[in-house]
Amino acid sequence: MSGTRPDEASSDETWLPRRALVIGLARSGIAAAAALARRGVDVVAADRSPDIVTGRLADLGVELRLGTEEEVLLEGMELVVKSPGVPAESPLVAAAHSRGVPVWSEVELGYRLLPAGSRLIGVTGTNGKTTTTELLGAILRAAGRSVEVAGNVGRALTDAAEQASADSWIVCELSSFQLEDVHLLACDVAVLLNLEPDHLDRHGTFEAYRDAKLRIFERAHTKVVPRGFGIEGIEFSAEDLLPAEPLIPGVHNRENAAAATAAARTAGVPDDAIAEALRTFPGVPHRLELIRELRGVRWVNDSKATNTAAARRGVAAYDEPLRLILGGSLKGEDFEPFARDLPANVRSIYLVGAAADELATALDAAGRPYVRAGDLPAAVARAAVDAEPGDVVLLSPATASYDQFANFEERGDTFRRLVEDLT
């Protein structure tokens, strides 16, 4: 694949619509609306929340429609750009489809805005996406490449496209939500880390979730896949020979490092640069992040473990006695296998949030005791009383965060603050 977006004549941006509707004004929606407006597109930006802060959009002449998603907004629209948080079943999105108005994800727009000559590495999977994406960014920087890291890591691809140049490598974390509405997006290197049930509340079935994830391969030049996955491509596994041992702990992080190494080698990065990054990359916030050690007890923030598969990996990273904090908002997962498989080194469990009842039922069936803490401050306080020197207190919730927090980052930041306040 060449770097042209989306065709040989794309640099003049004649493909841009005259009028576009952006639905959903979180980070990626705001970035998409701003990018279109800066290019002279007449943009209407809508969000069902009336409390969105959108100052820079008004300055760019974007028409803001907050607190409403009425179908009348589609009048005269040539394009709809959908934020990842907006489901495909949203009435406004469904109406756009019925009217024949093209619907793009924000990453589709961002891809088309990438400068000719740039190269795109896409990373998806159920767990490990952010770690692998940021690690790939570190590897490419160690090799002296011009790098932009974007996507589900928190920086919109449309924002990265504004900063990228013809010699840039863009490493983009791609969620199933972001891949739902891609059309021309094509990765020079597409990485799939793993696939396990997640987001069933949004996708309905594992098959639908899997199909969304696998869209990363539709136009990919090179595919990097787990060994034995069943898709032809460059295979990796945790047992592959790495040019250096990763600094970040856990077997799952060896898998992430192996995937990043395979992708980097495909991109022509020499092993000495890969080794330098593996030895020095500290990991990402909210993923097995050591907050502090207090009186011989380590406190670890794994708030990014928003499903049971991620929490399994967090628990498996430690042989020491664990005090485990679980719970948050539900995503349609079955907790019984997770509860049944918890290892013996999990000494105590503290349940918080809306998922507490379902987790308690699963733990009861597994014969595992627990404490109903209710919320994160109470869980931290109780764990501080129970933990002994040599223990690890691990926030690895196995659930989403939307019952008590805006996102997993806010949950992790709250945990960090509570832990730092311990005396």
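Residue numbering for the sequence shown follows our numbering, beginning at 27 and increasing consecutively.
Yeah, the Cβ is synthetic: ideal placement off N, Cα and C, and Gly gets one too.
Predicted model only: the values in this text are computed from it and were never measured.
Extent of the continuous beta strand (DSSP E) run through residue i
| i | result |
| --- | --- |
| residue 298 | Looking at the DSSP string, residue 298 is not in any beta strand (DSSP E); the run it does join, the alpha helix (DSSP H), is 297-306. |
| residue 108 | 105-108 |
| residue 327 | 323-327 |
| residue 419 | 418-421 |
| residue 260 | 260-262 |
| residue 111 | Per DSSP, residue 111 belongs to no beta strand (DSSP E) and is neither H nor E. |
| residue 248 | 248-252 |
| residue 376 | 372-378 |
| residue 102 | Unbroken run through residue 102: none, as it is neither H nor E. |
| residue 399 | 397-400 |
| residue 173 | 172-177 |
| residue 46 | 45-49 |
Chain D within 8 Å of residue i, Cβ atoms only
| i | result |
| --- | --- |
| residue 282 | The chain inventory of the structure shown lacks chain D, comprising one protein chain alone. |
Residue i versus the options, residue with shortest Cα-Cα distance
| i | options | result |
| --- | --- | --- |
| residue 45 | 89, 351, 225 and 56 | 89 |
| residue 100 | 311, 119 and 400 | 119 |
| residue 427 | 352, 388, 404 and 343 | 352 |
| residue 85 | 311, 65, 197 and 60 | 60 |
| residue 308 | 355, 162, 64 and 141 | 162 |
| residue 267 | 138, 373, 244 and 291 | 291 |
| residue 373 | 332, 387, 383 and 416 | 416 |
| residue 170 | 276, 393 and 295 | 295 |
| residue 358 | 408, 232, 306 and 79 | 232 |
| residue 49 | 71, 160, 57 and 40 | 71 |
| residue 96 | 39, 388, 333 and 121 | 121 |
| residue 297 | 166, 136 and 55 | 166 |
| residue 392 | 408, 414, 413 and 369 | 369 |
| residue 213 | 195, 229 and 224 | 195 |
| residue 367 | 389, 382 and 384 | 389 |
| residue 94 | 332, 437, 338 and 116 | 116 |
| residue 336 | 277, 287 and 324 | 277 |
| residue 197 | 87, 387, 140 and 245 | 140 |
| residue 229 | 201, 323 and 57 | 201 |
Neighbourhood of residue i by C-beta distance below 8 Å, restricted to the same chain and skipping five residues each side
| i | result |
| --- | --- |
| residue 104 | 43, 44, 45, 46, 127 and 128 |
| residue 236 | 221 |
| residue 371 | 344, 345, 346, 347 and 348 |
| residue 420 | 326, 328, 340, 341, 344, 348, 349, 350 and 351 |
| residue 226 | 232, 235, 357, 358 and 359 |
| residue 65 | 39 and 42 |
| residue 408 | 376, 397 and 399 |
| residue 67 | 42, 43, 44, 45 and 46 |
| residue 414 | 322, 323 and 347 |
Chain-order list of residues whose beta-carbon lies under 6 Å from that of residue i (same chain, five-residue window excluded)
| i | result |
| --- | --- |
| residue 10 | Residue 10 is absent from the model: the chain starts at 27 and stops at 449. |
| residue 217 | 149, 250, 285 and 289 |
| residue 203 | 110 |
| residue 272 | 279, 283 and 304 |
| residue 330 | 312, 313 and 434 |
| residue 243 | 216 and 249 |
| residue 224 | 152 and 333 |
| residue 28 | Only weak support exists for where residue 28 lies, its pLDDT of 33 falling under 50; the value from the coordinates is given anyway. Closer than 6 Å at Cβ, skipping near neighbours: no residue. |
| residue 422 | 328, 331, 337 and 340 |
| residue 446 | none |
| residue 431 | 437 |
| residue 92 | 73, 76 and 78 |
| residue 310 | 156, 157 and 160 |
| residue 57 | 182, 184 and 185 |
Beta-carbon contacts of residue i that lie in its chain and below 7 Å, excluding the five residues immediately before and after
| i | result |
| --- | --- |
| residue 448 | 320 and 410 |
| residue 429 | 354, 355, 379 and 380 |
| residue 444 | 402, 403 and 406 |
| residue 114 | 206 |
| residue 208 | 131, 133, 134 and 241 |
| residue 334 | 359, 361, 364 and 424 |
| residue 112 | 49, 50 and 119 |
| residue 33 | Annotation note: pLDDT 45 at residue 33 (below 50); position unreliable, coordinate value reported separately. Result list for residue 33: empty, nothing under 7 Å. |
| residue 442 | 317 and 327 |
| residue 98 | none |
| residue 299 | 165, 168 and 169 |
| residue 275 | 314 and 343 |
Cβ-heavy atom distance, residue i to the ligand ZN, below 7 Å
| i | result |
| --- | --- |
| residue 146 | This structure does not include the ligand ZN; it has no bound ligands of any sort. |
Rounded distance between the beta-carbons of residue j and residue i, thought under 8 Å
| i | j | result |
| --- | --- | --- |
| residue 377 | residue 406 | Actually they do not touch by this definition, with Cβ atoms about 13 Å apart. |
| residue 269 | residue 301 | 4 Å |
| residue 53 | residue 177 | Contact doesn't hold; Cβ gap of about 11 Å is too wide. |
| residue 153 | residue 219 | 7 Å |
| residue 137 | residue 211 | 4 Å |
| residue 159 | residue 173 | With 8 Å as the limit, residue 159 and residue 173 do not qualify as a contact, their Cβ atoms being about 11 Å apart. |
Run of the alpha helix (DSSP H) containing residue i, from where it starts to where it stops
| i | result |
| --- | --- |
| residue 73 | Not the alpha helix (DSSP H): residue 73 falls in the beta strand (DSSP E), residues 68-73. |
| residue 441 | 434-446 |
| residue 83 | 81-85 |
| residue 287 | 277-292 |
| residue 236 | 232-240 |
| residue 145 | Note, residue 145: premise wrong, no alpha helix (DSSP H); beta strand (DSSP E) at 145-150. |
Do the stretch 252-268 and the stretch 183-199 touch if we need at least three Cβ pairs shorter than 8 Å? No, they do not touch.
Are the stretch 311-319 and the stretch 242-256 in contact at 8 Å, needing three or more beta carbon pairs? no
Hey, is the stretch 137-153 in contact with the stretch 188-195, meaning 3+ C-beta pairs nearer than 8 Å? yes
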